[in-house]
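In what follows, a single structure is set out as structure tokens and then discussed.
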Amino acid sequence: MRTGGRGWTVNGAATGLDLPWSDGTFPPPALSRRRVVWDALMGMALHEATHALASGDVPVGAIVVGPDGRLVGVGRNRREETGDPTAHAEVLALRQAALSTGQWRLTGCTLVVTLEPCVMCAGALVAARVHRLVLGAWDPKAGASGSVWDMVRDHRANHHVEVVGGVREAECSAVLRAFFESHRTPVEEDR
Ligand SMILES: [Zn+2]
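Mapped onto the working numbering, the consecutive letters of the sequence shown carry residue numbers 363 to 553.
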């Protein structure tokens, strides 16, 4: 449901933000065109990730796009900033998406994140019934969407998430690598 304007309002009437493809063709059927859209969305998540640097947080960014291609949620890792162990980018983006759409069930939504979700976030994706996960860098140490665990595609779960991996992987990894090279302490590497 479009309520007009390109702005972002959350109070009452849930809107979000129109994106160039918010015309009912999201995602485009052609795989080549789809890749262009994933790349563009990952660019937004990457931009959000860089904002985490100001608070010394591990730079991870996430966005949620509705079934119509509209931006409905944005989040970045704010664990250090808020002192909240659950303040991961994906959780915050899901919360905003729920607020924007007015419901916890994010059916048909796509979550785009710069780093493979952890156990908590993968669980949150399933709980929110997110349709698709687009991820940048894989996390071989703590990833729960195909690397160490695969909680989003566990056959025992009542909901499965489509996974598109490795989107702008080199850039997403480079942002994290640069962060850890300048914050090399065991505590901050514990993500
Ligand atoms: Zn997480």
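Just so it is clear, CB atoms sit at the ideal spot from N, CA and C, and this is done for glycine as well. Fair warning: this is a prediction, and the values are worked out from it, not measured in the lab.
Buried versus exposed, by CB contacts within 10 Å (16 or more), residue i
i      : result
SER462 : buried
TRP383 : buried
ALA486 : buried
ALA559 : Residue coverage of the chain in this structure runs from 363 to 553, which leaves residue 559 outside it and unanswerable.
ARG395 : exposed
GLY367 : With a pLDDT of 49 at GLY367, under the threshold of 50, the predicted position of this residue should be treated as unreliable, though the coordinate-derived value follows. Answer is exposed; the Cβ neighbour count stays below 16.
THR448 : exposed
VAL501 : According to the sequence displayed, residue 501 carries Asp and not Val. Per the 10 Å Cβ criterion, buried.
LEU393 : exposed
Nearest neighbour of residue i, chosen from the options [CA to CA]
i      : options                        : result
VAL475 : ASP446, CYS534, LEU415         : CYS534
PHE541 : GLY508, ALA414, LEU497, ASP401 : ALA414
HIS409 : GLN465, LYS503, VAL537         : VAL537
GLY445 : SER417, GLY435, GLN465, GLY464 : SER417
ALA460 : VAL434, SER544, THR472, ALA499 : VAL434
GLU543 : VAL420, LEU403, ALA504, SER394 : VAL420
CYS471 : GLY498, VAL488, MET513, HIS517 : VAL488
ALA484 : VAL529, ASP516, ALA392         : ASP516
VAL427 : MET513, ALA519, MET404         : MET404
MET513 : GLN465, PRO479, ARG441, ARG397 : PRO479
Residue i CB to nearest heavy atom of ligand 1 below 7 Å
i      : result
CYS483 : yes
GLU452 : yes
PRO382 : no
CYS534 : no
PRO390 : no
PRO421 : no
PRO479 : yes
Alpha-carbon to alpha-carbon, residue j and residue i
i      : j      : result
THR365 : ASP430 : Residue placement at THR365 is poorly supported in this model, since its pLDDT is 42, which falls under 50; the coordinates still yield a value, given next. When rounded, the distance between both Cα atoms is 13 Å.
ARG432 : HIS522 : 22 Å
GLN458 : ARG467 : 12 Å
GLY378 : VAL496 : 19 Å
ASP380 : GLU531 : 26 Å
GLY505 : ASP401 : 21 Å
GLU443 : GLU524 : 31 Å
ALA519 : ARG539 : 33 Å
SER507 : ARG397 : 20 Å
VAL526 : GLN465 : 25 Å
Cβ neighbours of residue i in the same chain (closer than 8 Å, five flanking residues each side left out)
i      : result
THR469 : PRO429, ARG491, HIS493
THR387 : GLY431
ARG546 : none
Contacts around residue i, its chain only, beta-carbon distance under 6 Å, and the 5 residues preceding and following it disregarded
i      : result
VAL422 : ALA411, ASN439, ALA451, THR476, LEU477
GLY437 : ALA424, ALA451, LEU454, ALA455
Test: residue i CB closer than 8 Å to a CB of chain D
i      : result
PRO479 : No chain D appears in this structure, which consists of one protein chain only.
Same chain, Cβ closer than 7 Å to residue i, five either side skipped, listed in chain order
i      : result
VAL399 : TRP383, PRO389, PRO390
SER509 : GLU478, TRP500, ASP501, PRO502
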